[in-house]
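Asks: By the count of my numbering, the sequence shown reaches residue 571 at its end, each step adding exactly one. A virtual CB, placed ideally from N, CA and C, is assigned to each residue, including glycine. Quick caveat, the model's predicted, so the values are computed rather than measured.
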Amino acid sequence: MSVREINFDGLIGPSHNYAGLSHGNLASANNAGAASYPRAAALQGIEKMRTNLRLGLTQGIFVPQWRPDGRWLNALGTNISEAEPHIRAAAMSASSMWAANAATVSPGPDTADGRTHLTVANLVTMPHRSHEWQQTLTQLQVAFSDKSAFAVHPPIPAPFGDEGAANNMRLCDRHSDQGVEIFVYGQSGGPYPARQHVEASKAVARLHGLDPARTLFVMQSQEAIAAGAFHNDVVAVANEGLLFAHEQAFADKDRFYTQLRALFPAVQIIEVPARAISLIDAIQSYLFNAQLVTMPHGGMALVLPAEAKAIRSVWAWLENLVAGNGPIRELIPVDVRQSMANGGGPACLRLRVVADPANIDPRFLVNEAKLDAIANIVERSWPEEIIATDLADTRLIAQIEQSWLMLVDHLQLSGDLIP
153 MSVREINFDG LIGPSHNYAG LSHGNLASAN NAGAASYPRA AALQGIEKMR TNLRLGLTQG
213 IFVPQWRPDG RWLNALGTNI SEAEPHIRAA AMSASSMWAA NAATVSPGPD TADGRTHLTV
273 ANLVTMPHRS HEWQQTLTQL QVAFSDKSAF AVHPPIPAPF GDEGAANNMR LCDRHSDQGV
333 EIFVYGQSGG PYPARQHVEA SKAVARLHGL DPARTLFVMQ SQEAIAAGAF HNDVVAVANE
393 GLLFAHEQAF ADKDRFYTQL RALFPAVQII EVPARAISLI DAIQSYLFNA QLVTMPHGGM
453 ALVLPAEAKA IRSVWAWLEN LVAGNGPIRE LIPVDVRQSM ANGGGPACLR LRVVADPANI
513 DPRFLVNEAK LDAIANIVER SWPEEIIATD LADTRLIAQI EQSWLMLVDH LQLSGDLIP
């Protein structure tokens, strides 16, 4: 097989709920306390993976994390039955579904040793995510265990917040070519915290052995963060030679664009003007939190949430875009309403890894038949509905644990992943 981009989607876990734990994530806050539907959520995510397969793309999967996280609760001197409600909710969080926050990935063409490097995100800014890294590290070490092809790094130490690939972009002629890596960081000062620290980004670049002459560190605009763009991938996305971004995504876009064109003269920049689509509409629609992918037959497609069709200004602008002779030729809406209600769209659900699939543990790669079997397990065992007061219910907890065990047993991962 050959080097290609692989999308690894996080399967939405059986404890998926709306506890409103993510400060600065407007969808998460607005839906706090509402009923969630884990079964429907996971099935929607599986259908999105099917869409990628039918486009001719290579597709991977990450399994949910074990919940409740008893080790984290024990470290806090409590347990699931005695914990305060907000601590209990954090221990039950299914937020590892956002695979774009699992790690930052630098493909072999960019690194000094020619291996693909992955650094697990520490996610220290949000308590409910800060305990994900241990299980994420274990899963990545299993999936990418071939040390001749991969290097998996533990997280950057606190207090330098790192939220993974959601704040990293890569531009290149083709995925298999050397690229320019762009790390987008934030600075505090608005109503919401900046989750990606520049020192974390610099550390990841050093650990990955990136060429400083082909690496950029760019500040996200405070306007974007204040509007609810808690990660860069809510206002910008890149694929091969194309950068697709909102006019207000970056703090000093002119300087950034000048630097980028100097390093990669072939870059195409499609900028959505604020007069056409406001930051609020861009964030509400998750227009930029789309999978921007290269189609096997040529051209690019945007796999974007169905919500983008509901905002007239957004959809009209996109239809005009694909009607032209530009690099984006197709719009592919997908239904991910359950994940959107918790603050993440199609791009949040996947981690992009450029590698040869032959070097990856095959248990983490999927086809239609494998997705059929996973969907069957979800339909039989995932809870249908969860409300906040259910999180202390011992019957629900037992169902969540049993559902997880059924899945990892089926994928023959029990011996590798059981905490």
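Counting only the same chain and skipping the five closest in sequence on each side, list residues whose C-beta sits under 7 Å from that of R502.
Replies: Taken in chain order, the residues that qualify are N159, F160, D161, A251, A252, Q443.
Asks: Considering Cα atoms alone, identify which of H449, A355, P343, A510 is closest to Q374.
Replies: Minimum Cα distance to Q374 is reached at P343.
Asks: Name the two residues that bound the continuous alpha helix (DSSP H) containing V155.
Replies: Counting along the chain, V155 falls outside any alpha helix (DSSP H), and DSSP gives it neither H nor E.
Asks: Just to confirm my understanding: we take R322, look at its own chain, exclude 5 residues before and 5 after, and list those with CB closer than 6 Å. What are they?
Replies: Hits under 6 Å: G331, E333.
Asks: Return helix, strand or coil for G162, following the three-state DSSP convention.
Replies: Here G162 sits in strand by DSSP.
Asks: Return the Cβ separation of T285 and A303 in integer angstroms, given the expectation that the two are a contact with Cβ distance under 8 Å.
Replies: A small fix is needed here, since residue 285 is Trp in this sequence, not Thr. Actually they do not touch by this definition, with Cβ atoms about 17 Å apart.
Asks: Are the stretch 227–236 and the stretch 467–482 touching, with three or more C-beta to C-beta distances below 8 Å?
Replies: Taking 8 Å as the limit for Cβ pairs, the verdict is that the stretch 467–482 does not touch the stretch 227–236.
Asks: DSSP on N320, reduced to helix/strand/coil?
Replies: Strand, per DSSP.
Asks: Would N204 and S188 qualify as a contact pair, given that the criterion is a beta-carbon distance under 7 Å?
Replies: For N204 and S188, no; Cβs fall outside 7 Å.
Asks: Out of T263, A381, Q291, P166, state which residue places its alpha-carbon closest to the alpha-carbon of L565.
Replies: Cα-wise, what sits closest to L565 is Q291.
Asks: My understanding is that L225 touches A194, with C-beta atoms under 8 Å, so please give their C-beta distance in whole angstroms.
Replies: Their Cβ separation, rounded to whole angstroms, is 24 Å, which puts L225 and A194 out of contact at 8 Å.
Asks: Which residue from Q400, C500, R413 puts its Cα closest to that of I421?
Replies: The option with the nearest alpha carbon to I421 is R413.
Asks: Cα separation between R206 and F440?
Replies: Whole-angstrom Cα-Cα distance: 22 Å.
Asks: Under the DSSP definition of a beta bridge, which residues are partnered with M371?
Replies: BP columns for M371 point to Y337.
Asks: If we require 4 or more residues per run, which alpha helix (DSSP H) segments fall completely within the stretch 386–461?
Replies: Entirely contained in the stretch 386–461, the alpha helix (DSSP H) runs reaching 4 residues are, in chain order, 405–415, 431–437.
Asks: What are the boundary residues of the alpha helix (DSSP H) that Q286 is part of?
Replies: Segment 285–295, the alpha helix (DSSP H) holding Q286.
Asks: Count Cβ pairs between the stretch 442–457 and the stretch 384–393 that sit closer than 8 Å; are there 3 or more?
Replies: Output reads yes: the stretch 384–393 touches the stretch 442–457.
Asks: Any contact between the stretch 266–282 and the stretch 299–318? By contact I mean 3 or more CB pairs, one from each, below 8 Å.
Replies: Segments in contact, yes.
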